[in-house]
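Data first, discussion second: the structure below is written as C-alpha cells.
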Amino acid sequence: CTTASLAMLMVLGSTLASLQQPNATTLGLAVQMASQLCEVLQCTAMQIFLQQLGFEAWDAGYYLAPAVAACCLLPSLVFEWPHVIASHKVGLLYEQVPLLLLSGTIGIVVNFSSTF
33 CTTASLAMLM VLGSTLASLQ QPNATTLGLA VQMASQLCEV LQCTAMQIFL
83 QQLGFEAWDA GYYLAPAVAA CCLLPSLVFE WPHVIASHKV GLLYEQVPLL
133 LLSGTIGIVV NFSSTF
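Under our numbering, the residues of the sequence shown are numbered 33 to 148, in order.
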C-alpha cells in the first residue's frame with residue numbers, strides 16, 4: 033500500500049508540473065502518465081528481481097534495460113522522428129551526444145542508487 037501511495041504521489045507531482053507548461057496537450061499528458069506508469073512498473077520489477085528472485089542489481093538491470101529502451105524508443109520513432117527528419121534536424125542529434133551520454137549516465141546512477 034505504501035508503494036502504491038508513493039507511486040501515486042509521483043504521478044500527481046508530474047501532473048502538476050505538466051499543467052504548468054504553457055503548451056501542454058492531451059497527448060503530451062497521456063504520454064507523461066504512461067511514462068510514470070512504466071516507471072512504477074520498472075521500479076516494482078526491479079524490486080521483485082532483487083528481493084524475491086535474489087538477483088544482483090547488475091543482473092536485474094541486464095534484464096530490464098532492453099525492455100525499458102524499447103519502451104522509450106518506439107514512441108520516439110512514431111511521434112518524434114517524422115518531424116525531426118522533415119525539418120532536416122537529424123544532425124542536431126549528433127551535436128548533443130555528450131549531453132545525451134551524460135543524461136544516460138545520470139539515469140543509470142539514479143536507477144542503481146534506488147536499489148541499494
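Cβ coordinates follow ideal geometry from the N, Cα and C atoms, glycine included. Here the structure is a predicted model, which means the values were calculated and not measured.
Taking all protein chains in view, the Cβ of M78 is crowded by 16 or more other Cβ atoms within 10 Å, so the residue is classified as buried.
Around the beta carbon of F111, fewer than 16 other beta carbons lie within 10 angstroms, which makes this residue exposed. Taken through DSSP and simplified to helix, strand or coil, F111 comes out as helix.
Inter-segment contact for the segment 79-86 and the segment 120-127 is absent: fewer than three beta-carbon pairs are separated by less than 8 Å. Residue environment: A36 is assigned as exposed (fewer than 16 neighbouring CB atoms within 10 Å of its CB, all protein chains considered).
Rounded to the nearest angstrom, the Cβ distance from Q74 to S46 is 15 Å, too far for a contact under 8 Å. Secondary structure at S119: coil, using DSSP grouped into helix, strand and coil.
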